[in-house]
Amino acid sequence: MSKLFSLKKWLTIDDAEKYLTVIFGEAVSRTDILRLVLDEQLTLSANFINGAYAIHGEVVDIDNADSFMSNERSVGGVTYHSMMNDMLGDIRKVEGIDMPPESQPYRTITADEIRDGEFFNNREFSHIEGVWDLVMSGDNKHNIEHEYQYLTNGPEVTLMSLDGIYLEKPDGTTCNLQVSFDENEYQAGSQAHLNSVDALINFGDLSEDKISELRAETDAARDKYLFEKKNKKREDDYHSASQLPDDAVLVIRTGAIQELISRLDCAEDGEIINADDYPNGCHIADTSNHNIQELANKAAAQFERYRTGTPSKRQIAKIIFDSGLVFKKYGEPADEDYIERQFKSLWLKNRLCLKIPFFTVLTN
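Just so you know, we're using the working numbering here: the sequence shown kicks off at 48 and counts up by one.
In structure tokens:
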């Protein structure tokens, strides 16, 4: 890992292409990176250069998601529960059934589901800035899929999403990106609508009378919009965004790149066993101490890659011990002293390098 890379907090996609090309020893393109993002193998982020507005909230399970009961909310004095019963009655009559039984009150979830089983409860409108990870669902996923298909000459993406753009920090802080109605060309009186009218006037074949009429209509709509905007809360002029702002730059955190490289290192190393896949432990068939030495060499190799300095023999023994999956011949857990006696500090001579492995070794 280069010293400059370790100092950076993020890379542009172009820089990430170059870096991963060197690391993998094969060409890595923007489409490769987008595919990894869509497959959720790599986390894509956005750097909000001039900041933006968002609604912060909390991510909860379905039991704690914001909701209301049908008999507790009404429209025009009529509860949702009553409306549902009336609708069921009409359906039953059409189907030839006399009268439906009264339906039970039902729960309607108002929180957005941002991942399977994860719901977002809106809480506080506020300003955000800096680098935020893109939650790969909703409009984020559709927008990235659209670019990927465009770059690979694939089919047009016609799916639509109403879920908006969700952002998160590595610590779990989550928010829903907002955009002003002033940027919505379908909002009468918005700046975006004025811009579309200007384009129509400049490039359309309109008479002077029609142009004057359009100008008068848009000026009046603009005055009305600005007056209403001035007399309401800031957040009431915003709604969920479907696109990142033009001044937001797509980036990849160096931490996310390191996580990707770590997973690939493990995937390529058939002797490394993921502890999550073997909750009761796993044993390598060869019972010689040669396995412990190889294990120590790999640990030391990845230690230098992801940490600072060269590890001592005791540090490597502790790393192996902390995995909790190394046993002696008859199933007795191996302690640090026992593990340390099974290998030599070859990396101090060869300056090999490591990432903390997860495995179990059967020893004598």
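The C-beta atom is built at its ideal place from N, Cα and C for all residues, glycine as well.
Please report the straight-line C-alpha distance between residue i and residue j, rounded to a whole angstrom.
{"i": "Pro326", "j": "Leu342", "result": "Unreliable placement is indicated for Pro326, whose pLDDT of 41 sits below 50; no coordinate value is reported for it."}
{"i": "Ala322", "j": "Ile109", "result": "Only weak support is given to the placement of Ala322: the predicted model assigns it a pLDDT of 41, under 50, and the question is left unresolved by the model."}
{"i": "Ile299", "j": "Thr59", "result": "6 Å"}
{"i": "Met207", "j": "Arg262", "result": "33 Å"}
{"i": "Glu260", "j": "His240", "result": "15 Å"}
{"i": "Tyr233", "j": "Phe350", "result": "56 Å"}
{"i": "Arg82", "j": "Gln88", "result": "9 Å"}
{"i": "Ser34", "j": "Ala158", "result": "For residue 34 there is no data in the structure shown, the boundaries of the chain being 48 and 411."}
{"i": "Asn278", "j": "Asp284", "result": "10 Å"}
{"i": "Asp86", "j": "Ala101", "result": "26 Å"}
What is the residue span of the alpha helix (DSSP H) that residue i lies within?
{"i": "Ala63", "result": "Ile60 to Phe71"}
{"i": "Val84", "result": "Arg77 to Leu85"}
{"i": "Ser259", "result": "Glu255 to Lys277"}
{"i": "Leu198", "result": "Gly185 to Leu198"}
{"i": "Glu387", "result": "Glu383 to Glu387"}
{"i": "Ser173", "result": "Here Ser173 belongs to no alpha helix (DSSP H); instead the beta strand (DSSP E) covers Glu165 to Leu181."}
Which term fits residue i, buried or exposed, when burial requires 16 or more other beta carbons within 10 angstroms of its beta carbon?
{"i": "Asn344", "result": "buried"}
{"i": "Gln389", "result": "buried"}
{"i": "Tyr153", "result": "exposed"}
{"i": "Ile156", "result": "exposed"}
{"i": "Met116", "result": "exposed"}
{"i": "Phe71", "result": "exposed"}
{"i": "Glu176", "result": "exposed"}
{"i": "Phe228", "result": "buried"}
{"i": "Asn111", "result": "exposed"}
{"i": "Ser359", "result": "exposed"}
{"i": "Asn249", "result": "exposed"}
Specify, as a first and last residue, the run of the beta strand (DSSP E) that residue i falls within.
{"i": "Leu89", "result": "From DSSP, Leu89 is part of no beta strand (DSSP E); its letter is neither H nor E."}
{"i": "Val296", "result": "Ala295 to Arg300"}
{"i": "Gln226", "result": "The amino acid occupying residue 226 in the given sequence is Val; Gln does not appear at that position. Looking at the DSSP string, the run of the beta strand (DSSP E) that includes Val226 is Thr221 to Ser227."}
{"i": "Phe115", "result": "Ser114 to Met116"}
{"i": "Ser243", "result": "From DSSP, Ser243 is part of no beta strand (DSSP E) but of the alpha helix (DSSP H) over Gln238 to Phe250."}
Under the assumption that residue i contacts residue j (Cβ atoms under 8 Å), give the Cβ distance between them as a whole number of angstroms.
{"i": "His174", "j": "Gly98", "result": "6 Å"}
{"i": "Ala288", "j": "Ile212", "result": "5 Å"}
{"i": "Trp57", "j": "Thr221", "result": "Wrong, their Cβ atoms sit about 19 Å apart, outside the cutoff."}
{"i": "Glu192", "j": "Val106", "result": "No, Glu192 and Val106 are not in contact; Cβ-Cβ is about 23 Å, not under 8 Å."}
{"i": "Arg77", "j": "Leu181", "result": "About 16 Å; that fails the 8 Å criterion."}
{"i": "Asn94", "j": "Ala295", "result": "7 Å"}
Taking only beta-carbon positions, decide if residue i is within less than 8 Å of chain B.
{"i": "Lys277", "result": "No chain B is part of this structure, which consists of one protein chain only."}
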